[in-house]
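So the mapping is simple: this note's numbering equals the position in the sequence shown, first residue as 1, plus 10. Think of the CB as a built atom: it goes at the ideal place given N, C-alpha and C, for glycine as much as any other residue. Note that the structure is predicted; figures quoted are calculated from it, not measured. The structure appears right after this line, and notes come after that.
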Amino acid sequence: QLTGDPASGGRVDTIDKAIGCAWDAWCLGPGSVIYFYGTQGGIFRLVPGGSPPLRMSQQIERRLDDAVDLESVRVEMAWDYRNHGLAVWTTPFDTAENGTNFFWEERTNAWWQDEYSRKEHCPLAVHVVDGPAADDRFILLGGRDGYVRKLDDLAETDDGRVIDSYVYLGPIKTANVDDVLLRNMLTQMAGESGDAEYEVYVGKTPEESLASSV
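Okay, structure coming up:
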């Protein structure tokens, strides 16, 4: 990093001799924190002040390894100010393949994964628009198909296609890991929520439950 006033010469300091940024896979977040994809894999954040980069993707390391091969995948990153988090897109150079996207929510330190309904939507360029009004702050994605699209939290479809989402809750167990009998389930949805379905997976371990039939 360049420390001091560049006009006065400044000073170039080494932050880390092992960890670097992969190509242009980086972005700037609040507080001038730099987020980047590492040359040896993983996502890091670099806080101003000379401290070493901190790995922040331990929860999804295996998923990242499956999604990112730097010889065949382009990584784009942007800070999403509206949703308070880091957005990461992986776009394979092979246009026949779909990319895997990740989002890190700062408030909960949680990672979320998604993919677009059409592989043509995978971005080759990302731009953050920072306008004066709330509605003027959004992220633009330049897709493989040549179209520029805007991320919209209120969109009910993905450019015309239904958006599917899911989440796993559990495991549900007792302190002594006793057998449990589930009689019924009650859910409370938001007033403007779309249709939702739920399924129950059963097993003696969380892994066995996920692998079971409904």
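Under 7 angstroms between C-beta atoms of residue i and residue j
i	j	result
GLY156	PRO133	no
GLY30	THR49	yes
LEU80	ALA28	no
THR100	ALA77	yes
ASN111	LYS129	no
SER127	ASP168	yes
VAL57	ALA88	no
LEU64	ARG72	no
GLY141	GLU116	no
ILE149	LEU161	yes
SER2	ILE44	Any answer about residue 2 is impossible in this case: the structure gives the chain only from 11 up to 224.
TYR208	SER222	no
ALA97	PHE113	yes
Neighbour-count burial assignment, residue i, 16 or more Cβ in a 10 Å radius
i	result
PHE46	buried
LYS70	Position check: residue 70 holds Ile in this sequence, whereas Lys was assumed. Classification for ILE70: buried.
LEU196	exposed
VAL85	buried
ASP90	buried
ILE182	exposed
ALA35	buried
Neighbourhood of residue i by C-beta distance below 6 angstroms, restricted to the same chain and skipping five residues each side
i	result
PHE103	SER82
ILE25	GLN11
TRP122	PHE113
PRO237	Since the displayed the chain opens at 11 and closes at 224, residue 237 lies outside it and no answer follows.
LEU191	none
Sequence-distant residues of the same chain with beta carbon closer than 8 angstroms to residue i, five excluded per side
i	result
HIS131	LEU151, GLY153, ARG154, ASP155, ARG159, ASP168 and ASP169
ASP75	GLY51
GLY213	SER219, LEU220, ALA221 and SER222
ARG171	SER127 and ARG128
ASP163	ARG92 and ASN93
Beta-ladder partner(s) of residue i, from DSSP
i	result
ALA28	Answer is none; ALA28 lacks a bridge partner.
GLY95	ASP90 and GLU115
ARG21	THR13
PHE54	PHE46 and ARG65
PRO40	Answer by DSSP bridge pairing: none, since PRO40 is not bridged.
VAL85	THR100
Beta-carbon proximity list for residue i, same chain, < 7 angstroms, skipping 5 on both sides
i	result
GLY20	LEU12, THR13 and GLY14
Beta strand (DSSP E) runs contained entirely in the stretch 120-204, provided each spans 3 or more residues = You should have 120-124, 133-140, 147-153 and 158-160.
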